[in-house]
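For the sequence shown, the numbering used here gives the first residue as 12, with consecutive numbering after it.
Note that beta-carbon positions come from the ideal geometry of N, C-alpha and C, so glycine has one too.
Here's the structure we're looking at; comments come further down.
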Amino acid sequence: MLALGVRYRSIFRILSPISPFQGYDLGGSYPKICPFSNKGWEEKRAKRSYWAIEEKDKGNQFYKERKFEEALEHYNKAIELDPIEMTFLTNKAAVYFEQKDFETCIKECEKAVEVGQENRADFKKIAKAYSRMAAAYFKLKDYQKAKTYYQKSLTEHRTRDTINKLSEVEKILKEEERKKYLDPEKALEEKNKGKECFQKGDYPAAMKHYTEAIRRDPDDAILYSNRAACYQKLAEFALALKDCETCIKLDPTFVRGYVRKGMALMALKENAKASSAFQKALEIDPNNQEALDGYRKCISANSNNPEEIRKQAMSDPDIQQILADPAMRLILEQMQNDPRALQEHLKNPDIAAKIQKLLESGLIAIR
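This is the structure we're talking about:
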């Protein structure tokens with residue numbers, strides 16, 4: 012054992028004969044730790060860590076100046092000096108990300124995670140490496156892997172930024188799945204099945220077929236109108252109204268959408284709004300009998316119980332706000348005294364919207 016110790020000391024002298032730097036190999040630009048040093052390992056590592064941080068800081072400065080090759084040079088020196096600090100690897104990955112070399116960025120992040128896990132790095136650092144990998148996969152449009160690594164990042168450390176990015180990826184994946192499911196031909200098949208069931212009086216089955224048809228072709232306004240008819244038969248008037256709104260949004264010229272909206276509103280005892288829907292239908296098709304019948308029923312209902320209409324309208328906060336506006340009260344007085352003033356006021360979009368709201372409530376009527 013004594014002879015072995017002497018042998019090691021002899022090797023050390025060959026490596027470093029200069030006594031002031033005993034414990035270092037001077038072959039490179041920075042001293043390297045010699046395993047046969049008499050000095051403490053921790054002391055030497057602390058010095059190398061200090062020099063590594065200096066190199067990292069120089070790299071960061073070049074990175075900010077977008078001098079990426081120079082930044083890489085200094086990050087590589089930092090890694091050489093302190094190979095167990097994962098931050099230098101994630102900094103390299105950031106450079107490759109900016110250079111749009113996303114594959115290399117991912118590889119550097121993988122190395123960083125491996126080094127970090129082996130050396131029990133701070134979980135926040137590992138989370139950052141995973142997040143950078145996810146961002147690189149996102150740029151490569153590999154959204155499934157981006158999702159995976161954002162999730163891994165969150166298991167290490169939860170940040171609002173990562174949560175938001177994961178949410179964005181999940182929305183993209185959901186939309187991709189939706190698009191994959193689109194098939195107008197299958198939508199037509201389901202539509203025809205729904206029609207058959209509706210004619211037989213099997214409204215729940217018809218509703219299911221129309222729902223599947225909508226999933227296959229969500230831009231077909233008629234499908235929403237057809238499903239609204241099913242909901243009305245099932246006394247689900249609020250759902251019917253929602254489908255009618257979607258139908259009208261997709262095709263503002265589709266008369267049946269307005270007619271079924273009016274019917275749904277009448278069932279919900281909102282006769283003034285129903286009247287407005289029927290009026291819209293008649294503007295498109297003045298001869299539509301369903302719209303004419305619906306409009307007449309609304310007028311009759313409004314005439315029979317004006318107090319109930321006023322009470323219902325005044326419970327609406329929007330109506331209360333409109334009537335509390337002195338300017339609007341003045342406009343309403345002008346309209347009552349001079350019907351021609353209406354056309355002038357309707358040129359103002361804000362005033363026109365408020366007048367439309369009052370018309371729908373049944374509080375005012377234009378003859």
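Any idea what DSSP makes of residue i, helix, strand or coil?
| i | result |
| --- | --- |
| K280 | coil |
| D133 | coil |
| F289 | helix |
| A360 | The question names Ala, but residue 360 in the sequence shown is Pro. The answer is helix: DSSP assigns P360 an H, G or I state. |
| F265 | coil |
| R351 | coil |
| N298 | coil |
| I366 | helix |
| S326 | coil |
| M274 | helix |
| I375 | coil |
| I117 | helix |
| M144 | helix |
The alpha helix (DSSP H) spanning residue i covers which residue range?
| i | result |
| --- | --- |
| Q110 | Looking at the DSSP string, Q110 is not in any alpha helix (DSSP H), and its letter there is neither H nor E. |
| L151 | Here L151 belongs to no alpha helix (DSSP H), and DSSP marks it neither H nor E. |
| F79 | 79-92 |
| L341 | 337-348 |
| Q215 | Checking the sequence, you will find Pro at residue 215 rather than Gln. Taken as a continuous stretch (DSSP letters only), the alpha helix (DSSP H) holding P215 covers 214-227. |
| A232 | 232-244 |
| E76 | Where E76 is concerned, there is no enclosing alpha helix (DSSP H), given that its DSSP letter is neither H nor E. |
| T173 | 171-192 |
| E200 | 195-211 |
For residue i and residue j, which I take to be in contact (beta-carbon distance under 8 Å), what is that distance rounded to the nearest angstrom?
| i | j | result |
| --- | --- | --- |
| Q128 | I117 | Not quite, the Cβ-Cβ distance comes to about 17 Å (not below 8 Å), so this is no contact. |
| K135 | E119 | Not confirmed; about 18 Å, so no contact. |
| C258 | A275 | Not quite, the Cβ-Cβ distance comes to about 11 Å (not below 8 Å), so this is no contact. |
| R227 | P263 | 23 Å between Cβ atoms; not a contact. |
| L2 | A363 | Any answer about residue 2 is impossible in this case: the structure gives the chain only from 12 up to 378. |
| Y154 | L184 | 5 Å |
| A145 | A157 | 5 Å |
| F79 | Q110 | 6 Å |
Is the distance from the Cβ of residue i to the Cβ of residue j below 8 Å?
| i | j | result |
| --- | --- | --- |
| M277 | K322 | no |
| F289 | G268 | no |
| C241 | M218 | yes |
| V266 | A292 | yes |
| K368 | D336 | no |
| E201 | A232 | no |
| D93 | S60 | yes |
| A63 | M97 | no |
| S164 | S142 | yes |
| A302 | R271 | no |
| A147 | F209 | no |
| L261 | D230 | yes |
Apply the 10 Å Cβ neighbour rule to residue i and answer buried if 16 or more other Cβ atoms are within range, or exposed otherwise.
| i | result |
| --- | --- |
| N175 | exposed |
| Y74 | buried |
| G70 | buried |
| A338 | exposed |
| T173 | buried |
| K67 | buried |
| K365 | buried |
| L37 | Summary for L37: the model assigns pLDDT 35, below 50, so the residue's position carries little reliability, and this model does not support an answer. |
Determine, using beta carbons only, whether residue i comes closer than 8 Å to chain C.
| i | result |
| --- | --- |
| I295 | Protein chain content of the structure displayed is limited to a single chain, and chain C is not contained in it. |
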